[in-house]
Structure formats: structure tokens, C-alpha cells
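**Student:** Pasting in a structure now, in C-alpha cells, and then I'll have a few things to ask.
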Amino acid sequence: MDPIHPHMGQVKGIGGVFVRSKDPDATRKWYEEMLGLEFDETNATVIMDDKKGVDAYSVFSLMPEDTDYMDPSKESYMINFRVEGVKDLVEELRGKGVVILMEPQVYQQGTFASILDPEGRKIELYELPD
């Protein structure tokens, strides 16, 4: 794929980074004190570029080390890519033999799907709601 002229399902940004943490509360406190991030009760924060609007935000979330949210991957992190055309992208990836963990699901926050990369890391795909 030519990165200058992408096809359907183009990645538009990082929707979020999710990190397993041995001590999410202590780690959250460090990020708050050292970098000024403000977390909610789920140990997540939204980082917004006010100059670019809704398309320019990312979530950073600290999760318990034993979370199953990133399963089947055992990595300490998971990336969520913000894309356009998530349903078409999933079909395209399926045709290329990519493992689809979760078919596109529509929620109030948008449409989510998940896949495995070639090394077994779970990757989320996210499309903003209309």
C-alpha cells in the first residue's frame, strides 16, 4: 500500500494506548504529577488537541496487570487505531488472512473491531460515530 495514497480503512490517528500496569493507581499518580495528565475513575485520560477538534484526541489508559481486555495477547500494551471505513477494512483484512477477533460492533462512542497482528498482539480499530 502506498502510504501517500492510502485505500479504504485508512488509519487517521491513534485512538488510544492501553497499558497493563502492576500498580495502576501509583502509575496514574506518577503521570498526573510528572506530566499533568488528569485521569478518570477508570485510570483513563483523554488527550485532546484543541486546535484540531474531535479527530485529534487519544485515550491513554492504565489497566490492571491481570486484565483480560487485551487477550488473547499477553503483551503489556494494546494500540487502538482510529480509522475510516472500519467495516470495509475488516472485510479487506479478512480477505488477506488476518485474524479477526471481534467483528465491527457499534456503540455510542463509535464502531470498534479487533484483530491480531502477525506477532499475536491485539489491535483495536475504531471509527468515530457519524
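First residue of the sequence shown: 9, per my numbering; consecutive thereafter. The beta-carbon is built from N, C-alpha and C at its ideal position, and this holds for glycine as well.
If we require 3 or more residues per run, which beta strand (DSSP E) segments fall completely within the stretch 47 to 107?
**Tutor:** Listed in chain order, the complete beta strand (DSSP E) runs (minimum 3 residues) inside the stretch 47 to 107 are 52 to 56, 65 to 72, 85 to 91.
**Student:** What's the call for Ile-12, buried or exposed, on a 16-neighbour Cβ count within 10 Å?
**Tutor:** Locating residue 12 in the sequence shown gives position 4, where the first residue counts as 1. Because the pLDDT of Ile-12 is 45, which lies under 50, any placement of that residue in the model is unreliable, and the number read from its coordinates should be weighed accordingly. With fewer than 16 other Cβ atoms within 10 Å, it is exposed.
**Student:** For the stretch 25 to 43 against the stretch 113 to 129, do three or more pairs of beta-carbon atoms, one drawn from each stretch, fall closer than 8 angstroms, so that the two count as touching?
**Tutor:** The stretch 25 to 43 is not in contact with the stretch 113 to 129.
**Student:** Got a sec, what are the start and stop residues for the beta strand (DSSP E) Leu-7 sits in?
**Tutor:** In the structure as shown, the chain begins at 9 and stops at 138. Residue 7 is therefore absent and cannot be evaluated.
**Student:** Once DSSP output is grouped into helix, strand and coil, what is the label at Glu-40?
**Tutor:** By one-based count along the sequence shown, residue 40 stands at place 32. Three-state result, Glu-40: helix.
**Student:** How long is the line joining the alpha carbons of Glu-99 and Glu-111, rounded to whole angstroms?
**Tutor:** Locating residue 99 in the sequence shown gives position 91, where the first residue counts as 1. Locating residue 111 in the sequence shown gives position 103, where the first residue counts as 1. Going from the Cα of Glu-99 to the Cα of Glu-111 covers about 9 angstroms.
**Student:** Can you name, in chain order, every residue of its own chain whose Cβ lies under 7 angstroms from the Cβ of Asp-10, other than the five neighbours on each side?
**Tutor:** Here the question's residue 10 lines up with position 2 in the sequence shown. For Asp-10, the pLDDT reaches just 49, beneath the cut-off of 50, and the residue's location in the model is therefore unreliable, leaving the point undetermined.
**Student:** Quick check on Pro-32: does DSSP put it in helix, strand or coil?
**Tutor:** Stepping through the sequence shown from its first residue, residue 32 is reached at position 24. Note: Pro-32 maps to helix in three-state DSSP.
**Student:** Count the other CB atoms, across all protein chains shown, that sit within 10 Å of the CB of Arg-90; report buried if there are 16 or more and exposed otherwise.
**Tutor:** On the sequence shown, position 82 is the one that residue 90 refers to. Buried: at least 16 other Cβ atoms inside 10 Å.
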